Amino acid sequence: MTATDYDELAVDFLVRAAREFRRGGWVFTGFHWPVLAGQLAYALDGQPFSQVFEAGASTHGAGRLVPTSTTDYPAYANSLGFVGDSASILLAMARRFDRVILDASNIDVHGRVNSSYIGSRDKPSVRLPGGGGAPDIAAQARELVWLSGGNDLRRIQAKVDHVTAAPGPGSLVRLHTRWGIAVLGTGAKLEEIADVRGADEFIRHLESLGVSTDAPITRTPVRDAERDAALSLLHAAAERGYQVARRALAATERN
Amino acid sequence: MTSQGATMDNKLTTLVDAVSDFVRPGMSVYLGNFGAQLFCVGHELIRQDLSEIDAVIASGGLLMDQLLGARVLRSATYGHCWSPVGPSPAWNFRRAAESGDSTVTLYEMSLGLIAAALTAGAWGVPFMPVPGLPGTGYADENWPNGRLSTVSSEFGNTAIVRAITPDVAFVHVDKADVQGNGVINGPLGEVVLAAQASTTVVVVAEEIVTTEEAISEGISIPGLLTTAVIHHAGAVAPDGVIGRYDRDVAAYEDYVSRAATQEGFAVWMSDLLSSASSVTHNGGRDRHA
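Going line by line, the protein sequences match chains P and G. At position 193 of the first sequence (counting the first as 1) the number is 192 in numbering that gives the first Met the number 0, and the numbers step up by one without a gap. At position 93 of the second sequence (counting the first as 1) the number is 92 in numbering that gives the first Met the number 0, and the numbers step up by one without a gap.
Laid out in structure tokens, this is it:
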């Protein structure tokens, strides 16, 4: 491990999330981490890809600015391709995308996410923002990739309090975390593990949830050039308001 | 003026007059657009002291948060409510929920459901078949508050969503002519459906152009649908408009910071109301309780 003045695990998580875009094809990009990963992907090697956004657009290159969200059209107008409406993306074409990449606030081993209520619905302890288009697109995704970039294992649960978005039957569901990648749903298993601080706790947590951790592959390390690109992006993202970027860059922990 | 313009109505009006003329308590009001929210219209609703509004506001966002805090709303139909910058909480939305305040009826729907409901409204049918979102709170916990149901027919069984037919739609466009032919540069969200589903459509344009220019750039909202046109540069700030101005990150963060407390939001409201408005609908009642 090397000492850094940033959250190295978050930076590497972002690189690995970006690689999902570089597998190529048409990729639906959700709010938050997926926006950053999609923007970073243009700086990585890999297959050509196009992004699709729920407001009704595809893009075919990096945004002029780091988009503050998927609805920050001026930031990515320079690379717009298809311009249509939300129904076209979320209802008419959703099942055709190669991958759907969404942010996971609270997720369970079935691949379901809660971004609505913590606690009772009548008087929640935390009212989360709600699902937007995530419920529509998750239900029809052929391959659903959830991104959970934080360091709180409690957000990976046996069963979420409420279900905002759930995968449809037969879809492949994968969860990216800073410690590794898990396949969720029937036959949930640890797919890939990183040799990083917290990995052992992550494995124990998955086991407690009934996830098989027998045969994960060890992930290949992030290259310096990839990490540099991610750091550059995070600096720009911090300027554009991203709290996760500011936290990652302000971290004083040593990895 | 073009030959078309010379023979067609000039629908130009002002923001103050449009809100005064077309919006009344108890009405259903669609507020566009997805990602380019008409903050200027929402703020005018607040200034004119409107209340009991049933808002259809797909992307919710800080505009919905402000209308909730200002007690403009009787109900809200929305997809999510937060600050997309950060992202950060929409504090009035969150405070109300976490305190158990159910004064405002919430119809929480996915964006797909809202688009389908507006399609039904536009087509003049009572409902639209939809993917039912099985296993989610929308289907199992009635988050759409009665708007989602099922039907059986000889063609099969399906989930359905109830039609939404706003009384008034405020639609943001980049350019419009005085007849209300509007040009939108960028993703459309649900805005065209909303215009088609609504009885009255008010187009809010960053720039007024000739009919020839509107046609040459591609008409997104045909004047056929449009009741009135407002020229209001900066209409969606602090959101951005392609080719004109960027989303204002600092302004977003400033609002979220102020609205994090009830007292901070009250100051924000006071600042907003200090800008002039000649019309009120409710006798200047106190909204700060």
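Using N, Cα and C, we set each Cβ at its ideal position, and we do this for glycine too. None of the values given here were measured: they were computed from a predicted structure.
Integer Cβ distance of residue i from residue j, believed to fall under 8 angstroms
i, j, result
"Ser58 of chain G", "Thr104 of chain G", "Not confirmed; about 19 angstroms, so no contact."
"Ile163 of chain G", "Ala204 of chain G", "With 8 angstroms as the limit, Ile163 of chain G and Ala204 of chain G do not qualify as a contact, their Cβ atoms being about 24 angstroms apart."
"Gly62 of chain P", "Ala74 of chain P", "5 angstroms"
"Ala138 of chain P", "Leu112 of chain G", "Between Leu112 of chain G and Ala138 of chain P the Cβ distance is about 11 angstroms, and since that is not below 8 angstroms, they are no contact."
Chain-order list of residues whose beta-carbon lies under 8 angstroms from that of residue i (same chain, five-residue window excluded)
i, result
"Ile241 of chain G", "Asp173, Asn184, Gly185"
"Gly217 of chain G", "Val182"
"Gly83 of chain P", "Gly55, Ala56"
"Glu252 of chain P", "Any reading at Glu252 of chain P is ruled out, since the residue's pLDDT is 45, under 50, leaving its predicted position unreliable."
C-beta atoms of residue i and residue j nearer than 8 angstroms
i, j, result
"Met108 of chain G", "Thr76 of chain G", "yes"
"Leu298 of chain G", "Ser215 of chain G", "Residue 298 of chain G falls outside the range modelled here, since chain G spans only 0 to 288, and no answer is possible."
"Ala164 of chain P", "Gly129 of chain P", "no"
"Leu230 of chain P", "Tyr5 of chain P", "yes"
"Asp71 of chain P", "Gly60 of chain G", "no"
"Arg18 of chain P", "Phe48 of chain P", "no"
"Asp97 of chain P", "Trp32 of chain P", "no"
"Glu140 of chain G", "Arg111 of chain P", "no"
"Ala247 of chain P", "Val65 of chain P", "no"
"Leu39 of chain P", "Leu232 of chain P", "yes"
"Phe38 of chain G", "Val235 of chain G", "yes"
"Thr58 of chain P", "Gly29 of chain P", "no"
"Ala213 of chain G", "Asn180 of chain G", "yes"
"Leu174 of chain P", "Ala16 of chain P", "no"
"Ala69 of chain G", "Met63 of chain G", "no"
"Glu191 of chain P", "Ile155 of chain P", "no"
"Ala168 of chain G", "Tyr29 of chain G", "yes"
"Lys10 of chain G", "Thr225 of chain G", "yes"
"Val71 of chain G", "Leu110 of chain G", "no"
"Val34 of chain P", "Arg226 of chain P", "no"
"Asn105 of chain P", "Val159 of chain P", "yes"
"Phe201 of chain P", "Leu152 of chain P", "yes"
"Gly148 of chain P", "Ala250 of chain P", "no"
"Val208 of chain G", "Ala17 of chain G", "no"
"Gly85 of chain G", "Gln65 of chain G", "no"
Cβ-based neighbour list, residue i, same chain, cut-off 6 angstroms, excluding 5 preceding and 5 following
i, result
"Val255 of chain G", "Ser82, Ser87"
"Leu171 of chain P", "Glu142"
"His287 of chain G", "Residue confidence is low: His287 of chain G scores 41 on pLDDT, short of 50, so the model does not pin down where it sits. Its coordinate-derived value is still stated next. Once the five neighbours on either side are set aside, the close Cβ partners of His287 of chain G are Ala265."
"Ala249 of chain G", "none"
"Asp8 of chain G", "none"
"Gly117 of chain G", "The identity of residue 117 of chain G in the sequence shown is Leu, whereas the question assumes Gly. Taken in chain order, the residues that qualify are Ile163, Glu189, Leu192, Ala193, Ala196."
"Tyr241 of chain P", "none"
"Gly197 of chain P", "Trp178"
"Val99 of chain P", "Phe27, Ile136, Ala140, Leu143"
"Asp11 of chain P", "Val221"
"Ser273 of chain G", "none"
"Asn32 of chain G", "His171, Gly188, Val190"
"Gly222 of chain G", "Gln178, Gly179, Asn180"
"Ala244 of chain P", "Leu233, Ala236, Ala237"
"Leu127 of chain P", "Ser114, Ser115"
"Arg218 of chain P", "Glu191, Ala193"
Residues bridged to residue i [DSSP beta-bridge criterion]
i, result
"Glu206 of chain G", "G:Lys174"
"Ile117 of chain P", "P:Val125"
"Ser57 of chain P", "P:Val51"
"Asp107 of chain P", "P:Gln156"
"Thr13 of chain G", "Partner(s): none; Thr13 of chain G has no beta bridge."
"Phe27 of chain P", "P:Val51, P:Val99"
"Met127 of chain G", "G:Val160"
"Ser151 of chain G", "G:Asn156"
Own chain partners of residue i with C-beta closer than 7 angstroms, once the 5 adjacent residues on each side are dropped
i, result
"Ser124 of chain P", "Ile117, Gly118"
"Val108 of chain P", "Ala157, Leu183, Ala187, Leu208, Gly209, Val210"
"Leu90 of chain P", "Asp135"
"Ala121 of chain G", "Leu192, Gln195, Ala196"
"Ala115 of chain G", "Met127, Val129, Val160"
"Ser87 of chain P", "Gly55"
When you check each C-beta in the stretch 157 to 171 of chain P against every C-beta of chain G, which residues fall closer than 8 angstroms? His161, Val162, Thr163, Ala164, Ala165
(message) Under 8 angstroms, CB to CB, which of the residues in the stretch 67 to 89 of chain G have a partner in chain P?
(response) Tyr77, Gly78, His79, Cys80, Trp81, Pro83, Val84, Gly85, Pro86, Ser87, Pro88, Ala89
Interfacial residues, the stretch 184 to 209 of chain G to chain P, with Cβ spacing under 9 angstroms: Asn184, Gly185, Pro186, Leu187, Gly188, Glu189, Val190, Val191, Leu192
| request: Residues of the stretch 167 to 186 of chain G with a CB closer than 8 angstroms to any CB of chain P: list them in chain order, please. | output: Asn184, Gly185, Pro186
By the 9 angstroms beta-carbon criterion, what residues does the stretch 227 to 244 of chain G contribute toward chain P? Asp238, Gly239, Val240, Ile241, Gly242, Arg243, Tyr244
| field | Selection of the stretch 142 to 169 of chain G by Cβ proximity to chain P, strictly under 8 angstroms | value | Trp142
- Residues from the stretch 101 to 113 of chain G in contact with chain P, defined by Cβ distance under 7 angstroms: Glu107, Ser109, Leu110, Gly111
**Request:** With 7 angstroms as the C-beta to C-beta threshold (strictly closer), list the residues of the stretch 179 to 203 of chain P near chain G in chain order.
**Result:** none
Notebook entry, point to check: What residues in the stretch 11 to 24 of chain G bring their beta carbon closer than 7 angstroms to a beta carbon of chain P?
Noted result: none
Next on the checklist: Residues of the stretch 0 to 24 of chain P in Cβ contact with chain G at a cutoff of 7 angstroms, in chain order, please.
Outcome noted: none
Chain P contacts made by the stretch 249 to 260 of chain G, where a contact means CB separation under 7 angstroms: Tyr251, Glu252
task = Note down, in chain order, all residues in the stretch 123 to 138 of chain G with a beta-carbon under 7 angstroms from any beta-carbon belonging to chain P.
result = Pro130, Leu132, Gly134, Thr135, Gly136, Tyr137
Q | Interface positions of the stretch 72 to 104 of chain P facing chain G (Cβ-Cβ less than 8 angstroms), listed along the chain | A | Tyr72, Pro73, Ala74, Ala76, Leu79, Val82, Gly83, Asp84, Ser85, Ala86, Leu89, Leu90
Contacting positions in the stretch 53 to 64 of chain P - beta carbon closer than 8 angstroms to chain G:
Glu53, Ala54, Gly55, Ala56, Leu64
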